[in-house]
Structures are given as C-alpha cells and as structure tokens.
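Novice: Structure below; questions to follow.
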Amino acid sequence: MLDSRWKKIKINISIVLLFGIVTTLMTVTFIKLGTIVLNSDGSFHFSRLEELYDNFRSGNMTFIASHTFNNTGVGTFLFYPSILLYPWVILRLVFSPVTAFYVWYGLMLFITMCIAYYSMWLFDKDRIRAVLFGILYAVFPYHVHLGVVHTVVGEFLAYTFIPLFFVGLYYCLTNIEKWYLLGIGWVLILYSHIISAYITILCAVIISAIYMFIDPSSIKKVVINLSKNIVLVILLSSFILVPFITDFINAGINSPNSSAFGFLDTLQNIFGISLTNTADSNKSIGILALFTTMTGWYFVRGNEAKEKVVYGLGVFFLLCTSTVVPWQLFNNTVVGKILGVIQFPYRLNTYVGFFLMVTFSLIVSKFIHSIANKKTKMLVGTGIIVFFIISYYGSLTGLLVKVHTLQGNLLRNNVETAKVIPNDAIIRNSNYNNIFDYSILYGETDYYPKMAFDNLEDRNVSVEINPKINSILLHKVIMGNKGKIETPKATANRIEYSVKVNKKEKIDVPVLAYKRTKVMLNGRNVNYTVSPRGTVMVDGNKGNNKISVTYQPSKLLYVGIIVATITWLGLFVGLIFSGRKSVN
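The numbers in this note's numbering rise by one with no breaks, and the one at position 181 of the sequence shown is 182.
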C-alpha cells in the first residue's frame, strides 16, 4: 500500500518537474530578450500591477488608483479583482520589471499545466493523456495571445482555472465526491476576471439544465450539489461582492461597454487564420484545434458519451465565435442583455481551446498507447512534447519579429498628460516607468461615473469628444468658472491637491467621487458634493486649501476578507484530513 502510494508520488513529482522544464523552455527566450511589446490591454494591466506594487511596499491594500491611471482615484481596484496579481507583485519586488513579468508569465504557464493535468486525471485516470492535455491546454494559441501578445491579464488568469471548473461541474452532475471543485474553480475565475466568471456560470446553468432534462432522476442530486457550491462561492467571494453592493449598484458607475457585439468574423476567416497557427490574432485557434474540429468526430465515435459531449461542445463554441451565430440580431433584446456582457464572441475561444484540447489529447494518447515497445513509446512521447514546444514558438513568430523590427517604437518619456500610449510600444527595464506617463489605451475610463462622460458611447478622451474626462486627465482644478492645471501629491489610496483662491468659492478637484469617498480640507473632514464631471467638489476658503481625497471601505469588506480566509483554511484542513482517511 505504502509502496504504491510512494510510486504515485514519485510519478507526480516527475511530471511536475517535466512541466517546470517545459515552462522554462517557453519563457527563457523572453527573459533573455528583456523586451515587452505593449499593446491592447497591456497598459491597463501594467498600471494595475504598478499601483498594487507601490501600495504593497508601503504596507497598504489598494482601493482606488492614486499613483497610476493619471491620479484620478478611479475605482478599478474596487470593481476589477486584483487578488491574484499579488504573486506578480512579489516577483516585482525581487526582479526588474520586465523580468518579473516574464517570470510571472512562466509561473502561470506552469500552474496552468498542473491544474489541467490534475483535472484531466480526475476526468479519465489516464496519466499520459493528462500530461499531454496539461501542455496542450497551456500552449493553445488563444492562451498565448492573452498572456504575452496582447497581455489581457485578467482573462489570461481566468483561463488557468477553467479545467478545474468544468471537472467540478462534471463531478457535480455525476454525483462523484469532489463536488467542491466547481465552487473553487469558479471562485478562482472570479478572482481573475468577472466577465469570464459570468460566461462560465452561464455555461454551468445551461449544461446543468440540459443534463437534468435528459435525466430527470438526477435533479435532486444535481440541485443539492449546486446548492452546496453556491454557499461555498458566497463565502469565498464575499470580499469581491461587497464593493459591488456598497458602491456599484445604482451608483451610476460606467462599466465596460456591452451594448453591442464586436470583432466578429466569418468561420472561413477563422479557419484561414488558424491554419497559420499564429497567436497574433484573437481569432486563431491553431492547427491542432482545427485538425480536431475536422476529424474529432471519427476518434470519439467509439468512446463514452462524455467524450462525444466534450467534442460537440468544442465545435459548438467554435461556431459561436463566428458569424454563424447572428450576434448582432441580439442587440436590444433580452438575449442581447444576457449575452452582451461577453462583448466579444472571440472570448469563447477559451472554451474552444479547453474542449477541443481535451479531444485532441484523447487522439494523441490513443496513438501513444497503441505503441507496444516501452522505449519507442517514451521516444515518441518526448518527440510529441518537443513538437508542442516548437509549435508554441511558431505561434509567437509575429511577436518575436516585432521585438526585433520595432526598436524605433521605444516608449519615450511623455509630458502631455492626456496623451494615449501608442500601440506596439517597446518596453524595456530602462523605460518601463514611462508607461505611467500616458493615458491607458483601453480601460482608462472604465468604472468612471457616467456623468463624467459627454459622449458615453465613445471612449475617446480627447477634448473634442469628452471634454470633462479630458479635463480630469489633465489634472484640471476648476474654481468657479476658471480651470487651472495643478500637480497632485499621491500616496496609497489618497490624492491631495493644494489650491489657492482669492475668495470663498467652490473648488472642483479632478478626483472621481464614489459612495464611500472621504474628503479632508486643511486637515479636517468635510462634506463634499459631486461636480457635474463626477468629481469631488468642496467649499473652499480664501487662501490656501489643502484638499485630500481618499476612500473609506465598508467594514463589511474586512468581514468578507475574514470569512473568505477562514473558509479557505477550513477547506485545506478538510482536504488534508479526508486525504489521510482515504489512505488509511
């Protein structure tokens, strides 16, 4: 019994070491290059990281943006979960900025492989298949696109926990023990990216409803398992939910646009771009997934129903990423309101990758198992893994070419406060801090009060389109009918302006106002009003006015943190004891 257990431990350690080697091979090139090509959501997430890093060094939690995001006090950290960025923050303390990013990227690739491996092992108990799936899922082009091509960090993090979520759902539906994996997986997705959490919960509801419709006898057990997970989720995510309850609901806060579906493409174009196996495009699913789409039906036909369902879901989600689904007809409908949160149907490529790589791992593992000779089997398996690594770098050819050809795009110091950071900016350690001299390319005005917009449908921050937002980004203090650009002083969760006026009058400082915003004037707590541009406005005194704006979180937030911490500890202790019982 003990020998068998020790053998399993040694096998798992060997697999973890294999994943470590593969991850190192996948990241060492980027670390040596020491260059980031910054585009898309990159400036948004690097600004989030830098704010967390600055506050962490001073021993503070982060609620509003005071050092980054143009010192506007935007509530990005209230409404966009940041808890899983702290490993990156810690690496930032140890390494230079660019190296820290790539080490963190490698760490997440490694964790993704481990979670995918564990999830597949629970699903099929085939170790070869589990190893293959771990690597395949990590190198799927859309995942690589999220990680280093467009640095869509929130979605990249959420991708890591998708296998855990779906194997948890599978266990819930089939009444196998580990029902809690669904709740744990979903909470970790929620900690990463709220939109991904929304999509996965839609999937869980629809799949569960279909399952119970097909098998009515399962209704009771499924409802019980799902109910237990709902309680678990509430306990683990309470500190994420509190700010939405206290500050977001009915507060007139602008959330990322979901009024229309964007970046749609035809299935023909998706197939065409996937044939290139590039990670440059968010539409590409790569040649391996394309092969699986075309031939998977043949390989799953003699297998269990669950394999056929997985393949069918992969093809279904692929069709949903294209114009095969008439997305734009859903605009201004009930369906559109439910699905509009998705924003971009290409986001469903996460699920395309998950389901089709499950099927492809079945295809490859069958081939390896068919080899009788042990040495040949090992050689072929090694060759396949090497091919996956080569395929990974092949998908990154476009990015690696940019690193060498766009050196003229080295991001320079900026003195125009509201100037938007250019796309494809080259970042090195020497100019890393220049990122924060610019306005963010995408996401600068997310979670602004709606009243700050002159044109809510257009996120352009220019003075012509959105003059109120432009004035906020320029640090323009408004006194009466006059505006003057001032330089703020920033500390953790606090922005301070020193304003001198010749008479008593209202002073509107360019710091966004939320329900729990607190203001001090010359060292005394004072009431404030919300200005027409959604910022803090106080009654100023003649002479010098030191106006300090901060955010005071609800006590419920701290209660939520304590509840979540106790629940996590309880889970770990429970799992340890249950593991010991199973051994005995």
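Note that the Cβ used here is the ideal one computed from N, Cα and C, for glycine as well.
Quick caveat: nothing in here was measured; it's all calculated off a predicted structure.
Which same chain residues, not among the five before or five after VAL512, have their C-beta less than 7 Å away from its C-beta?
Specialist: The answer, listed in chain order, is THR73, GLY74, ILE496, THR536, VAL537 and VAL550.
Novice: Suppose you measure from the CA of TYR118 to the CA of VAL224; what does that come to, to the nearest Å?
Specialist: Their Cα atoms are separated by approximately 28 Å.
Novice: Starting from the Cα of SER219, find the closest Cα among ILE37, PHE57 and LEU174 and give me that residue.
Specialist: The candidate whose alpha carbon is nearest that of SER219 is LEU174.
Novice: Thinking just about the alpha-carbon of each residue, which of ASN471, GLY297 and ASP281 is nearest to the one in LEU401?
Specialist: For LEU401, the nearest C-alpha among the options comes from ASP281.
Novice: I'd like to check one pair, LEU137 with SER440: are the Cβ atoms closer than 8 Å?
Specialist: No.
Novice: Count the C-beta pairs between the segment 76–91 and the segment 188–198 that are closer than 8 Å, then say yes if the count reaches three, no if not.
Specialist: Yes, since at least three Cβ pairs between the segment 76–91 and the segment 188–198 fall closer than 8 Å, the two stretches touch.
Novice: Please name the residue in PHE264, ASN230 and ILE215 whose C-alpha comes closest to that of ILE202.
Specialist: Minimum Cα distance to ILE202 is reached at ASN230.
Novice: For the beta strand (DSSP E) that SER371 lies in, which residues bound it at each end?
Specialist: Unbroken run through SER371: none, as it is neither H nor E.
Novice: Around the C-beta of VAL560, are 16 or more other C-beta atoms found within 10 angstroms, so that it is buried, or is it exposed?
Specialist: Answer is exposed; the Cβ neighbour count stays below 16.
Novice: Cβ atoms of VAL342 and TYR199: under 8 Å apart, would you say?
Specialist: In contact: TYR199 and VAL342 (Cβ atoms closer than 8 Å).
Novice: Is THR518 helix, strand or coil when you go by DSSP?
Specialist: In the structure shown, THR518 sits in a strand (DSSP, three-state: E or B).
Novice: Cα separation between ASN176 and PHE167?
Specialist: Taking the straight line joining both Cα atoms gives about 14 Å.
Novice: Going by the CB atoms, is the gap between ILE369 and GLY382 shorter than 8 Å?
Specialist: Yes, the pair counts as a contact, with Cβ atoms nearer than the cut-off.
Novice: If the criterion is Cβ atoms closer than 8 Å, does the pair TRP105 and TRP89 meet it?
Specialist: Yes. Within cutoff.
Novice: Looking at the strands, I want to know which residues DSSP matches up with GLU506.
Specialist: GLY541.
Novice: Locate the alpha helix (DSSP H) running through ARG49, then write down its first and last residues.
Specialist: Its alpha helix (DSSP H) spans residues 43–58.
Novice: Could you have a look at GLY21 and say whether DSSP puts it in helix, strand or coil?
Specialist: In the structure shown, GLY21 sits in a helix (DSSP, three-state: H, G or I).
Novice: Give me, in chain order, the residues of the same chain whose beta-carbon lies closer than 8 Å to that of ASN526; leave out the 5 immediate sequence neighbours on both sides.
Specialist: Correct list, in chain order: LYS519 and VAL520.
Novice: By how many angstroms is the C-alpha of ILE473 removed from the C-alpha of THR488?
Specialist: Answer to the nearest angstrom: the Cα atoms are 12 Å apart.
Novice: Note down the Cα distance separating LYS11 from PHE111, rounded to an integer number of angstroms.
Specialist: For LYS11 and PHE111, the distance between alpha carbons rounds to 18 Å.
Novice: Taking only three categories from DSSP, how would you classify ASN585?
Specialist: Residue confidence for ASN585 is low, a pLDDT of 47 falling below 50, so the modelled location carries little weight and cannot support an answer.
Novice: Could you give the distance in angstroms between the alpha-carbon of LYS469 and the alpha-carbon of ALA493?
Specialist: Between LYS469 and ALA493, the C-alpha separation is close to 25 Å.
Novice: Across the segment 33–42 and the segment 148–161, are there enough close Cβ pairs to call them in contact, namely three or more that are closer than 8 Å?
Specialist: In short, these stretches touch, since the Cβ pair count reaches three.
Novice: For PRO450, write down the residues that DSSP places opposite it in a beta bridge.
Specialist: Paired residue(s): ILE254.
Novice: At what residues does the alpha helix (DSSP H) containing ARG525 begin and finish?
Specialist: Where ARG525 is concerned, there is no enclosing alpha helix (DSSP H), although the beta strand (DSSP E) it sits in stretches over 525–527.
Novice: If you pair each beta-carbon of the segment 89–98 with each one of the segment 205–216, do three or more pairs fall below 8 Å?
Specialist: The segment 89–98 vs the segment 205–216: no contact.
Novice: Skipping 5 residues on each side, what residues in its chain have a beta carbon closer than 7 Å to that of SER555?
Specialist: Contacts found: VAL243, THR247 and ARG517.
Novice: Based on Cα-Cα distance, which residue from GLY544, THR398, ARG348 and ILE163 lies nearest to LYS284?
Specialist: Ranking GLY544, THR398, ARG348 and ILE163 by Cα distance to LYS284 puts ARG348 first.
Novice: Do you know how far the Cα of SER396 is from the Cα of LEU133?
Specialist: Spanning the two alpha carbons is a distance of roughly 18 Å.
Novice: Considering Cα atoms alone, identify which of PHE157, VAL145, VAL421 and ALA453 is closest to MET27.
Specialist: Looking at the Cα atoms, VAL145 is the closest of the given residues.
Novice: If we require 4 or more residues per run, which alpha helix (DSSP H) segments fall completely within the segment 313–372?
Specialist: Listed in chain order, the complete alpha helix (DSSP H) runs (minimum 4 residues) inside the segment 313–372 are 335–340 and 350–370.
Novice: Starting from the C-beta of TYR352, find all residues in its chain whose C-beta is less than 6 Å away, skip the five residues before and the five after it, and write them out in chain order.
Specialist: The answer, listed in chain order, is PHE318.
Novice: I need the DSSP call for PRO164, collapsed to helix, strand or coil.
Specialist: Note: PRO164 maps to helix in three-state DSSP.
Novice: Keeping to the same chain, check which residues put their C-beta closer than 8 Å to that of LYS403; ignore five residues upstream and five downstream.
Specialist: Cβ neighbours of LYS403 beyond the five flanking positions: VAL38 and ASP425.
Novice: If you draw a straight line from the C-alpha of SER499 to the C-alpha of ILE548, how long is it?
Specialist: If you take the alpha carbons of SER499 and ILE548, they lie about 6 Å apart.
Novice: What does the alpha-carbon distance come out to for the pair ASN255 and LEU79?
Specialist: Roughly 13 Å between the two C-alpha positions.
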